[in-house]
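Count along the sequence shown starting at 1, add 32, and that's the number in this note's numbering. Every residue, glycine too, gets a C-beta built ideally from N, C-alpha and C. Given the structure is predicted, the values throughout are model-derived calculations rather than measurements.
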Amino acid sequence: MKSFVYRMKQFTGISIEIALGIFVLVMLASALQAKASSVDQPLEMATAGSMVAPIPGTSCLRDNTSGKVLTFDNTSGAYTFSDCLGFTLSGTGIVSVQNSIILLSDRKPDRSVSAGFNTGQRTGTATITFQPVPGGSWQVLRIYDTTSFGNVCSCPP
33 MKSFVYRMKQ
43 FTGISIEIAL
53 GIFVLVMLAS
63 ALQAKASSVD
73 QPLEMATAGS
83 MVAPIPGTSC
93 LRDNTSGKVL
103 TFDNTSGAYT
113 FSDCLGFTLS
123 GTGIVSVQNS
133 IILLSDRKPD
143 RSVSAGFNTG
153 QRTGTATITF
163 QPVPGGSWQV
173 LRIYDTTSFG
183 NVCSCPP
């Protein structure tokens, strides 16, 4: 009798361990699938079953030292860059969100614009590479913004 009770406890324990193992594997697979589907989604796309509303307004980056400014519409991707010395570059890129960073990307034969604005820290960076004259040399301009907090959207006086 003791042997039968012991074997039943052993069988029940093994069954519970197997069931818990399967449960953990299913939960892990679900979490990985949800994470994979939420990375680098456009603003209008659903993530993990809920709609992400477009972030309204404009993101603004102003370089800490030079004052160069890049502004872009968070929904349409329309952007304007100014070196604050008279040169401006405008266009329309693609806006996406990765975690809490709004990303702007634009690639054309005469330019490459890449920017990121961290909505939590309200800081950002941008790299603008362009060819002012067809066949001419490429220019690279960078913006490092850790001080304007997205509030200063114009060239310094």
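{"Query": "Report buried or exposed for I160, applying the criterion of at least 16 other Cβ atoms within 10 angstroms of its Cβ.", "Result": "buried"}
{"Query": "Kindly indicate which residue of Y111, D142, T107 has the alpha-carbon position closest to the one of S128.", "Result": "T107"}
{"Query": "Leaving aside the five residues before and after Q153 along the sequence, list all residues of the same chain whose C-beta is less than 6 Å from its C-beta, in chain order.", "Result": "none"}
{"Query": "When the distance is taken between beta carbons, is F119 closer than 8 Å to D142?", "Result": "no"}
{"Query": "State the DSSP-derived secondary structure class of K3, mapped to helix, strand or coil.", "Result": "Since the first residue of the chain shown is 33 and the last is 189, residue 3 is not available in this structure."}
{"Query": "Rounding to the nearest angstrom, what Cα-Cα distance links R174 and G89 in this structure?", "Result": "23 Å"}
{"Query": "Buried or exposed, going by whether 16 or more other CB atoms sit within 10 Å of the CB of F181?", "Result": "exposed"}
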